[in-house]
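Novice: Before I ask anything, here is the structure I am working with.
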Amino acid sequence: MVSLYNTGLELANLLLGSDLLNQSWEAISKLQKQNLTLLEDPSLPFSVKNQIYESPSKGSIIAFVSSPNCAVNHLQEEFRELISSDQITSFDFLRTRSNTSSISIHKAAFALFASLENELSLLKQQFTSSQPLIVTGHSLGGSVASLFTLWLLESLPSYGVQHILCITFGSPLLGNNGFQKAMSEHPMWSSCFLHVVSDKDPVPGFLISDHNASAATLTTPTWYMPFGTYLFGSESGFSCFEEPQSILELLMIMSSRCAESENLNNCSQVIDYGHILEQLKNKAICRGISELPDTISNPLQAGTYLLLEATGVGKENVNLSYLAMNIAKRAEVQAKHKQKLFDPSKISKTKKSMSYLEWYMKNSLEEAGYYDKYKTRRSRSRDEIASTEDLIKHHRTLKLFWKRTVTEVENLPWKEGRTRRKRLLYAATNYRRMVEPLDIAEYYGRGKRDYVLHGRSEHYKLLEKWLTGENTQTYQRSQASSLTVDSCFWAYVEEAMISCQVLKDGQSSSPQDQESARENLIKFEQYVMDMVNNFLVSPEIFLSQSSFMLWWNEYSKVVGNSYTSPLTNFMNDGFRRYA
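In terms of the UniProt record's numbering, the sequence shown has 495 at position 495, counting the first letter as 1, and numbering is strictly consecutive.
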């Protein structure tokens with residue numbers, strides 16, 4: 001488990017040790033100076049200004065500031081209003097099947113974003129995925145910066161996400177619980193957001209309602225919820241948090257100071273984050289374990305306690321030990337469920353291998369077919385052996401990729417895993433139907449028996465379960481499938497050939513073995529006819545040198561001309577029409 005303490009403090013030290021925060025605040029300060037008259041006139045309605053600052057060596061910075069400067073004395077009750085995503089189209093992409101919660105965004109922030117939408121559309125078109133970009137903003141300007149960043153991320157390929165960072169200073173919360181859940185389904189996007197908060201700034205916690213403050217469970221869609229990473233700074237030090245509930249609790253504690261303060265003027269001042277960054281940059285947070293209370297019982301709780309102490313909340317009438325234990329407990333639960341997430345863009349790397357398998361399959365139709373050409377690969381010409389060796393390489397590439405992918409998806413939380421499975425279902429099913437026959441050929445080529453029970457890879461079973469678990473709509477086929485639908489078909493053919501051999505051996509096999517072989521062959525006949533009647537087998541199984549046809553020729557001799565069944569009738573009259 002990664003220590004919450006190490007993660008929070010190391011990340012905070014890394015950020016403050018770099019120039020990213022200072023460069024961002026300098027861009028904001030320049031923009032504020034350019035609009036000083038507007039910023040200092042509280043009688044003006046809210047508006048937002050933006051400016052691009054180019055850095056040849058470090059990319060671009062886009063800064064957003066609101067005018068007038070947003071302090072608590074400017075904020076009214078109606079400022080808390082949310083607007084549902086049903087009423088706006090710019091952020092439709094946040095909706096997913098797995099997230100059924102209502103998604104809402106801070107109405108004032110969206111109104112400011114909408115006022116610049118045409119201008120920002122042009123800005124969006126200028127940005128390429130290879131350019132480093134910092135999007136930054138202060139107060140409501142930070143909210144607009146977050147919305148613009150989110151809008152930009154949706155239009156970029158996954159590899160372009162790593163070049164964007166949104167840094168906000170003293171911004172109010174942006175969306176509700178549904179919005180936070182939507183962001184959690186895009187962890188790569190969520191990692192692009194850093195929110196810097198001073199313990200003296202009441203604005204970040206202003207939108208937390210009284211309901212939030214009195215309850216720890218957040219299910220009501222009208223409640224605001226944080227997302228991304230928060231860097232909290234105080235006179236005691238600084239630390240980072242990523243877990244939404246922990247962030248909310250800290251914001252509630254900090255915002256309560258303003259409500260309880262006798263000197264309300266302190267809450268009306270616009271916080272100078274430049275001065276705060278300068279103070280924090282060289283501040284060390286190194287504390288001894290001897291300072292910890294007796295109630296702290298393990299290293300994770302100890303680290304969390306020190307992490308909270310760095311935010312400055314310990315100065316209030318707050319049970320820091322209790323808060324540390326709760327946050328540490330959530331971190332432990334979160335760590336158990338946190339897995340390496342699958343990146344859908346990796347599928348493109350398998351396209352070359354799948355294309356090669358398709359080429360090999362088409363070139364096999366003039367011979368015994370895909371399965372048997374691979375099965376008899378060792379007895380072929382040098383050129384054919386060379387192409388088969390290439391096939392083996394692609395086979396291994398695909399199998400390794402899908403084994404890892406299935407493991408990753410199965411370890412995801414249920415809702416997110418179900419979404420991933422749906423997205424992968426078509427590609428996964430094609431892979432299984434094309435590649436598993438090659439595994440079956442290798443298995444029986446080594447003289448083994450009963451592949452389905454003893455040889456089948458677990459990831460094939462899970463991929464088949466994905467398909468059946470989605471209750472995919474069945475329909476009546478009118479022509480044969482190009483790929484045999486049951487990826488284990490050739491394993492059943494091999495078992496039928498073994499059973500046929502048992503009957504041919506006669507007295508060398510026990511009566512029980514012969515009776516079992518007859519039962520297996522009758523079941524196999526029924527299985528084949530079910531597949532044929534529903535057009536679920538590829539016509540290639542009827543190629544003259546295929547394993548299926550070799551089985552049929554031997555089976556016909558074993559049962560004799562007097563034997564009749566639906567399969568014998570079909571093979572005598574109809575299989576050529578099917579083929």
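Backbone N, C-alpha and C fix where the C-beta goes; we use that ideal spot for every residue, glycine too.
Taking the alpha-carbon positions, what's the Ser478 to Leu543 distance?
Specialist: Numbered from 1 along the sequence shown, position 478 holds the residue referred to as residue 478. Numbered from 1 along the sequence shown, position 543 holds the residue referred to as residue 543. Roughly 21 angstroms separates the two Cα atoms.
Novice: Which runs of the beta strand (DSSP E) at least 3 residues long sit entirely within the segment 90 to 123? Give them in chain order.
Specialist: As far as the segment 90 to 123 is concerned, its whole beta strand (DSSP E) runs of at least 3 residues are 104 to 106.
Novice: Note down, in chain order, each residue of its chain lying with its Cβ closer than 6 angstroms to the Cβ of Thr484, except the 5 sequence neighbours on either side.
Specialist: In the sequence shown, residue 484 corresponds to position 484, counting from 1. Answer for Thr484: Val537, Ser538, listed in chain order.
Novice: With a Cβ-Cβ cutoff of 8 angstroms, do Leu46 and Ser29 count as a contact?
Specialist: As a position in the sequence shown, residue 46 is number 46, starting the count at 1. As a position in the sequence shown, residue 29 is number 29, starting the count at 1. It should be noted that the sequence gives Phe, not Leu, for residue 46. Not in contact: Phe46 and Ser29 (Cβ atoms no closer than 8 angstroms).
Novice: Counting only the same chain and skipping the five closest in sequence on each side, list residues whose C-beta sits under 7 angstroms from that of Val528.
Specialist: Position 528 of the sequence shown, counting from 1, holds the residue named residue 528. Here the set comprises Leu567.
Novice: Can you list, in chain order, the stretches of the alpha helix (DSSP H) that have 4 or more residues and sit fully within the segment 496 to 572?
Specialist: If we require 4 residues or more, the alpha helix (DSSP H) runs fully inside the segment 496 to 572 come out as 511 to 533, 547 to 559.
Novice: Taking the C-alpha atoms as reference points, what is the distance between Ser556 and Val502?
Specialist: For the purposes of this step, residue 556 is taken as residue 556 along the sequence shown, with counting starting at 1. For the purposes of this step, residue 502 is taken as residue 502 along the sequence shown, with counting starting at 1. Going by the C-alpha atoms only, they are around 14 angstroms apart.
Novice: Compare the C-alpha of Gly142 against each of Ser84, Ser509, Gln125, Phe110 and name the closest.
Specialist: The sequence position of residue 142 within the sequence shown is 142, counting from 1. If we check each option's Cα against that of Gly142, Phe110 comes out closest.
Novice: Leaving aside the five residues before and after Leu152 along the sequence, list all residues of the same chain whose C-beta is less than 7 angstroms from its C-beta, in chain order.
Specialist: Mapped onto the sequence shown, residue 152 falls at position 152. Lys124, Phe127, Ile164, listed in sequence order.
Novice: So the beta strand (DSSP E) Phe232 belongs to, where does it begin and stop?
Specialist: What you label residue 232 is simply residue 232 of the sequence shown in a count that begins at 1. Run containing Phe232: 229 to 234, per the beta strand (DSSP E) assignment.
Novice: Give a yes or no on whether the C-beta atoms belonging to Phe113 and Val144 are separated by under 8 angstroms.
Specialist: Working through the sequence shown from its first residue, we reach residue 113 at position 113. Working through the sequence shown from its first residue, we reach residue 144 at position 144. A contact, by the Cβ cut-off of 8 angstroms.
Novice: Leaving aside the five residues before and after Leu120 along the sequence, list all residues of the same chain whose C-beta is less than 6 angstroms from its C-beta, in chain order.
Specialist: As a first step, residue 120 is located in the sequence shown; it is residue number 120 there, counting from the start. Result list for Leu120: Phe148, in chain order.
Novice: For the segment 381 to 443, list the beta strand (DSSP E) runs that are entirely contained and at least 3 residues long, ordered along the chain.
Specialist: Correct list: empty.
Novice: So that I know if they touch, is there some Cβ in chain C lying closer than 8 angstroms to that of Ser146?
Specialist: The chain inventory of the structure shown lacks chain C, comprising one protein chain alone.
Novice: Which residue's Cα is closest to the Cα of Pro132: Ser60, Thr89, Leu150?
Specialist: Stepping through the sequence shown from its first residue, residue 132 is reached at position 132. For Pro132, the nearest C-alpha among the options comes from Ser60.
Novice: Taking a contact to mean a Cβ-Cβ separation below 8 angstroms, would you say Phe227 touches Val196 in this structure?
Specialist: Numbered from 1 along the sequence shown, position 227 holds the residue referred to as residue 227. Numbered from 1 along the sequence shown, position 196 holds the residue referred to as residue 196. No; because the gap between Cβ atoms is not below 8 angstroms, this pair is not in contact.
Novice: If Glu436 and Cys488 are in contact, beta carbons under 8 angstroms, what's the gap, nearest whole angstrom?
Specialist: Within the sequence shown, the letter at position 436 stands for residue 436. Within the sequence shown, the letter at position 488 stands for residue 488. Contact flag correct, Cβ pair sits at about 7 angstroms.
Novice: For Leu251 and Asp92, I'd like the C-alpha separation in whole angstroms.
Specialist: Position 251 of the sequence shown holds residue 251. Position 92 of the sequence shown holds residue 92. Cα to Cα, Leu251 sits roughly 28 angstroms from Asp92.
Novice: Given that a residue counts as buried once 16 or more other Cβ atoms are within 10 Å of its Cβ, and exposed if not, what is Asp530?
Specialist: Counting from one through the sequence shown, the residue named residue 530 turns up at place 530. So Asp530 counts as exposed.
Novice: Taking only three categories from DSSP, how would you classify Ala145?
Specialist: Walking along the sequence shown from the start, residue 145 turns up at place 145. DSSP places Ala145 in helix when its eight states are reduced to three.
Novice: Since Ile440 and Ala491 are thought to touch, with beta carbons under 8 angstroms apart, how far apart are those beta carbons, to the nearest angstrom?
Specialist: Locating residue 440 in the sequence shown gives position 440, where the first residue counts as 1. Locating residue 491 in the sequence shown gives position 491, where the first residue counts as 1. Ile440 to Ala491, Cβ: 5 angstroms. Contact.
Novice: On the CB-based measure, 16 or more other CB atoms within 10 Å of its CB, does Gly469 come out buried or exposed?
Specialist: Along the sequence shown, one-based indexing puts residue 469 at 469. Result: exposed.
Novice: What are the boundary residues of the beta strand (DSSP E) that includes His195?
Specialist: Translated into the one-based positions of the sequence shown, residue 195 becomes position 195. Counting along the chain, the beta strand (DSSP E) containing His195 begins and ends at 193 to 198.
Novice: Within the same chain, show all residues whose beta-carbon is closer than 7 angstroms to that of Phe79, passing over the 5 residues directly before and after it, in chain order.
Specialist: If you number the sequence shown from 1, residue 79 lands on position 79. Ala108.
Novice: Restricting to Cα atoms, I'd like to know which of Tyr371, Ser509, Phe241, Leu521 is closest to Ser565.
Specialist: Taking the sequence shown and counting its residues from 1, one reaches residue 565 at position 565. For Ser565, the nearest C-alpha among the options comes from Leu521.
Novice: Note the first and the last residue of the continuous beta strand (DSSP E) segment covering Phe238.
Specialist: Here residue 238 corresponds to residue number 238 of the sequence shown, with the count starting at 1. Start and end: 237 to 241.
Novice: Classify Val485 as helix, strand or coil using the three-state DSSP reduction.
Specialist: Mapped onto the sequence shown, residue 485 falls at position 485. Coil.
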